[in-house]
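Numbering follows our numbering, with no gaps: position 32 of the sequence shown is 32. Cβ atoms here follow ideal geometry from the backbone N, Cα and C, with glycine treated the same way. First up is the structure itself, then whatever we jot down about it.
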Amino acid sequence: MSAPQAASTMIEGRVVHEVNNALKITFSAGPGDRLATGVQGAGNSLGAKAAILLGFKTGGAGKHRITYADGSVVWVESKDAAPTVLSRGDGTVLGTVQRADTSTAVGSTAGTLFHFVPDPEEARTPELFRLVLLDRMGVQVGRLDVVRKVGGWTSRRFVDDLHNEPFWWDQAGQPLPVPILGTRLWVKHPLDPVERDVLLGVCVDIGLGLRPYIAVMKEETGFRNSRLFARESRKPGLSRRP
1 MSAPQAASTM
11 IEGRVVHEVN
21 NALKITFSAG
31 PGDRLATGVQ
41 GAGNSLGAKA
51 AILLGFKTGG
61 AGKHRITYAD
71 GSVVWVESKD
81 AAPTVLSRGD
91 GTVLGTVQRA
101 DTSTAVGSTA
111 GTLFHFVPDP
121 EEARTPELFR
131 LVLLDRMGVQ
141 VGRLDVVRKV
151 GGWTSRRFVD
161 DLHNEPFWWD
171 QAGQPLPVPI
181 LGTRLWVKHP
191 LDPVERDVLL
201 GVCVDIGLGL
211 RPYIAVMKEE
221 TGFRNSRLFA
231 RESRKPGLSR
241 RP
């Protein structure tokens with residue numbers, strides 16, 4: 001299978017439901033190329049961690065941690081009715097994400113980095129939420145798919161952007177008792193470290209924090225109340241990762 005264009009960036013994040021009831025998202029930049037792992041609520045208070053452990057909270061607001069393969073850390077503070085805060089392991093603030101009917105990532109020193117807007121053709125399907133990434137000037141620079149059902153993993157939406165080259169993440173995953181199965185990111189250019197940290201933070205904010213980034217996402221139960229999915233995940237017959 002042909003590789004994606006060298007000048008572009010493609011990152012896939014797949015969510016799993018751990019035996020301790022926390023959600024985890026694993027990011028890969030290619031086959032066997034694990035980039036980072038995000039863990040739900042790793043920086044939460046003891047009480048909030050207990051709620052996850054007991055299965056009362058599957059995803060939602062909290063302090064989530066991204067750990068890269070080199071050990072570096074980014075924190076994602078998903079908040080209710082407030083901007084998401086992104087920071088490095090040493091406490092340095094990277095930026096914030098302001099959410100409304102569309103959303104904007106703002107760097108602490110660089111100003112606006114990205115806008116997140118609905119795909120003008122079809123922002124929601126049964127299998128995907130489809131977002132378009134714009135730069136600070138409003139020029140399209142990428143796409144972000146939020147995978148809702150297993151069939152979303154095999155969507156070929158990015159083919160035109162990749163000049164009809166097949167891409168490596170066309171393998172379906174498994175159904176899980178969670179509202180979001182993962183994210184699929186494509187950007188036209190190589191990412192600098194700040195852009196990478198912010199965009200992975202956005203994927204964690206959506207996949208683990210269940211924060212809505214466009215209007216149609218606000219209409220979904222999973223983004224309004226993660227406790228519903230916590231109850232569903234405790235029903236008999238719904239398997240977790242061994």
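Neighbourhood of residue i by C-beta distance below 6 Å, restricted to the same chain and skipping five residues each side
{"i": "residue 80", "result": "61"}
{"i": "residue 42", "result": "65"}
{"i": "residue 40", "result": "22, 23, 64, 208"}
8 Å Cβ cutoff, residue i in contact with chain C
{"i": "residue 194", "result": "In the structure shown, chain C cannot be found, because there is only a single protein chain."}
Residue i versus residue j: straight-line alpha-carbon distance, rounded
{"i": "residue 23", "j": "residue 35", "result": "17 Å"}
{"i": "residue 112", "j": "residue 105", "result": "6 Å"}
{"i": "residue 141", "j": "residue 93", "result": "24 Å"}
{"i": "residue 118", "j": "residue 219", "result": "14 Å"}
{"i": "residue 183", "j": "residue 153", "result": "9 Å"}
{"i": "residue 146", "j": "residue 187", "result": "15 Å"}
{"i": "residue 98", "j": "residue 82", "result": "8 Å"}
{"i": "residue 124", "j": "residue 138", "result": "21 Å"}
{"i": "residue 71", "j": "residue 29", "result": "17 Å"}
{"i": "residue 135", "j": "residue 200", "result": "16 Å"}
{"i": "residue 14", "j": "residue 122", "result": "23 Å"}
Beta carbon of residue i nearer than 8 Å to that of residue j
{"i": "residue 181", "j": "residue 216", "result": "no"}
{"i": "residue 102", "j": "residue 86", "result": "no"}
{"i": "residue 11", "j": "residue 38", "result": "no"}
{"i": "residue 9", "j": "residue 191", "result": "yes"}
{"i": "residue 148", "j": "residue 131", "result": "no"}
{"i": "residue 144", "j": "residue 185", "result": "yes"}
{"i": "residue 204", "j": "residue 76", "result": "yes"}
Residue i burial status per 10 Å Cβ neighbour count (16 or more: buried)
{"i": "residue 84", "result": "buried"}
{"i": "residue 115", "result": "buried"}
{"i": "residue 189", "result": "exposed"}
{"i": "residue 126", "result": "exposed"}
{"i": "residue 32", "result": "exposed"}
{"i": "residue 197", "result": "buried"}
Residue i: CB within 7 Å of a non-hydrogen atom of the ligand NAD
{"i": "residue 181", "result": "The ligand NAD is absent from the structure shown, which contains no ligands of any kind."}
Beta-carbon proximity list for residue i, same chain, < 8 Å, skipping 5 on both sides
{"i": "residue 73", "result": "65, 66, 67, 88, 89"}
{"i": "residue 69", "result": "34, 35, 36"}
{"i": "residue 7", "result": "188, 189, 190"}
Nonlocal neighbours in the same chain, by C-beta distance under 7 Å from residue i, ignoring five residues either side
{"i": "residue 206", "result": "146, 180, 183, 213"}
Whole-angstrom C-beta distance between residue j and residue i, which should lie under 8 Å
{"i": "residue 194", "j": "residue 107", "result": "6 Å"}
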